[in-house]
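First up is the structure itself, then whatever we jot down about it.
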Amino acid sequence: METSTAIFLSMLIPTAAAAGNMVWRNQPNLRDGFTFVCAVLTFLCVLVVLDNVGSGSTLPITILEVFPGVDLAFNVEPLGLLFAIIASGLWILTHIYGVGYMRGNDEKHHARFFACFAVAIAAVMGIAFSANMFTLFLFYEILTVSTYPLVAHKGTPEAIKGARTYLTILIGTSIALQLTAIIWTFTLAGTLDFKIGGILDGNVEGFMVPLLLGLYAFGIGKAALMPFHRWLPAAMVAPTPVSALLHAVAVVKAGVFTMLKVGIYIFGIDFLAETGASEWLMWLAAYTIIAASVVAMTKDNLKARLAYSTVSQLAYITLGMALATQMGAIGGGMHIAMHAMGKITLFMCAGSIYVAYHKTEISDMTGLGRIMPITFLSFLIGALSIIGLPPLGGSWSKWLLLVGAVDAGHQIIIAVLMISSLLNVAYLLPVVGRGFFLGDTKGKPVAEAPIMCWAPPAITAIGCIVLFVYAGYIETFLTPIAAAAN
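What follows is the structure in structure tokens.
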């Protein structure tokens, strides 16, 4: 199959899945089975792209010239291909999990839910394969709009309020700030195409460089940098499958993926290093890492604690770009994969607990680990990966970020990363400790949630171990993105 065909199919197949959900809305088995097949086919299309291109890049495939210098166009490069592999692969598991959760929890409006879910995946594929900032922005906005009904799915006053906060912050930041930055970039450079080494060197200088970077950093609201992070905890009112994929992988990763693309392909790592324009962003990311971790420790609601954990972990990726070093950029790219696998495990475990026992507060989960050993062991593995302990994938991305901080000569950032890992221990491991070692469950039988709820997080937990083993391949795969930063 031609690479261009595989790229287009990776967007068209999820769109077909959305249509199928509406056509067969009253035939649940056919509807969900069709969506599963579409998820598998989407992943296979991305694997075809991987087989054809590997860690290389392709020339832009132009679909439409909007006006001179601005095209709707797609291409393949390592960072985008890694993002596409993660999102399409995890869609398969999350769809299985979503079916189990929605049926096990007697949720309503399944067809609408999975249709919006599929449109969001199509948008993610568009973001991953975008050849320029215009195309990425278009699909970025489609992702925001398509996920709003998912956040508001339950229709309760709390859900509507959370969804409004979600939409207001994400649309507001992207239109007011990110779009301004994009227009300014085009005015300066005459192009929005992604290019290794960036397109701004020689076209902007002085205080204008950090100012433009600031418009991008705060305009990419999905990256959840403080103070534009409130949408993410607000979105936790959504059903757990939404939290699992869209807020552990698709939406939030679209944000930090965009941040990396801007740093690497719009500004250029070397240009940021020479001008020092990203140093303020490095300190803001460091603050977000620590502050969000401290807030996470205060949350008794498990999903709220995981949400603030995500705010902190996303800032690692922004930090990797802001360090303006080769290892920082690669470490940030690798952390997209490592955090996605670990955090989706934690969210699915939280949903499994809710389906089985309707527990949402950590203080009410005493002894549940002995009743739900697979779920809590999966949570433990995901937590250890987020903390950054070997032999789990998160240890490698955090190590590369540490190396990037050393290369940049920022000892305080090294301390921030180490303190953050200790805070990760403080807010994640008590969940497991309370589940396994507190309370009296004598005589209570082992009773997990339905298999479609506990099997997917068990698989992603194993994935955290697999990523540790193959981290070297991912590092090599991503090396070309920082080729100009030598």
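Quick note on our numbering: the sequence shown kicks off at 5 and runs consecutively. Every residue, glycine too, gets a C-beta built ideally from N, C-alpha and C.
Return the Cβ separation of residue i and residue j in integer angstroms, given the expectation that the two are a contact with Cβ distance under 8 Å.
i: PHE40; j: HIS99; result: 6 Å
i: PHE141; j: GLN182; result: 7 Å
i: PRO369; j: GLY439; result: Per the sequence shown, the amino acid found at residue 369 is Met instead of Pro. Rounded, the Cβ-Cβ distance is 6 Å, consistent with contact.
i: MET331; j: LEU404; result: 5 Å
i: SER297; j: ASN428; result: 7 Å
i: ILE203; j: THR191; result: Contact doesn't hold; Cβ gap of about 12 Å is too wide.
i: ILE418; j: LEU426; result: Actually they do not touch by this definition, with Cβ atoms about 13 Å apart.
i: MET240; j: ALA156; result: Wrong, their Cβ atoms sit about 13 Å apart, outside the cutoff.
i: VAL57; j: LEU76; result: Contact doesn't hold; Cβ gap of about 20 Å is too wide.
i: ASP411; j: THR329; result: 4 Å
Around the Cβ of residue i, are there at least 16 other Cβ atoms within 10 angstroms (buried) or fewer (exposed)?
i: ALA290; result: buried
i: THR9; result: exposed
i: LYS448; result: exposed
i: ALA341; result: buried
i: MET137; result: buried
i: ALA185; result: buried
i: PHE441; result: exposed
i: PRO461; result: buried
i: SER313; result: buried
i: THR302; result: exposed
i: LYS257; result: buried
i: ALA459; result: buried
i: ILE90; result: buried
i: ILE125; result: buried
i: GLY93; result: buried
i: MET352; result: buried
i: ILE485; result: buried
i: VAL450; result: exposed
i: VAL103; result: buried
i: ASN25; result: buried
i: ASP110; result: exposed
Do the CB positions of residue i and residue j come within less than 8 Å of each other?
i: LEU250; j: LEU154; result: yes
i: MET376; j: ILE357; result: yes
i: ASN79; j: ALA23; result: no
i: MET230; j: THR322; result: no
i: SER59; j: PRO32; result: no
i: ALA238; j: THR169; result: yes
i: LEU393; j: ILE469; result: no
i: VAL359; j: TYR152; result: no
i: LEU174; j: MET345; result: no
i: LEU4; j: ALA252; result: The first residue shown for the chain is 5 and the last is 490, placing residue 4 beyond what the model contains.
i: ALA465; j: LEU432; result: no
i: LEU310; j: PHE271; result: no
i: GLY130; j: SER178; result: no
Mind checking who residue i pairs with in its DSSP beta bridge?
i: LEU427; result: Answer by DSSP bridge pairing: none, since LEU427 is not bridged.
i: ILE65; result: PHE78
i: LEU205; result: The question names Leu, yet the displayed sequence has Asp at residue 205. DSSP, once it has assigned bridges, lists VAL208 as partnering ASP205.
i: GLU365; result: ASN305
i: PHE71; result: VAL74
i: ASN109; result: According to DSSP, ASN109 bridges with nothing at all.
i: ASN136; result: ASP197
Please report the residue range of the alpha helix (DSSP H) in which residue i lies.
i: TRP28; result: No alpha helix (DSSP H) contains TRP28, which DSSP labels as neither H nor E.
i: LEU181; result: It is not in any alpha helix (DSSP H) - LEU181 carries neither H nor E in the DSSP assignment.
i: VAL256; result: 255–265
i: LYS402; result: 398–412
i: HIS157; result: HIS157 -> no alpha helix (DSSP H), and no H or E assigned at all.
i: HIS114; result: 114–132
i: THR370; result: Taken as a continuous stretch (DSSP letters only), THR370 belongs to no alpha helix (DSSP H), as it is neither H nor E.
i: LEU229; result: No alpha helix (DSSP H) contains LEU229, which DSSP labels as neither H nor E.
i: THR379; result: 377–391
i: ILE270; result: Run containing ILE270: none; DSSP gives neither H nor E here.
i: GLY467; result: 455–473
Let me check you understand the geometry: is the CB of residue i closer than 7 Å to at least one non-hydrogen atom of the ligand NAP?
i: ILE455; result: Here there are no bound small molecules, and the ligand NAP is not part of this structure.
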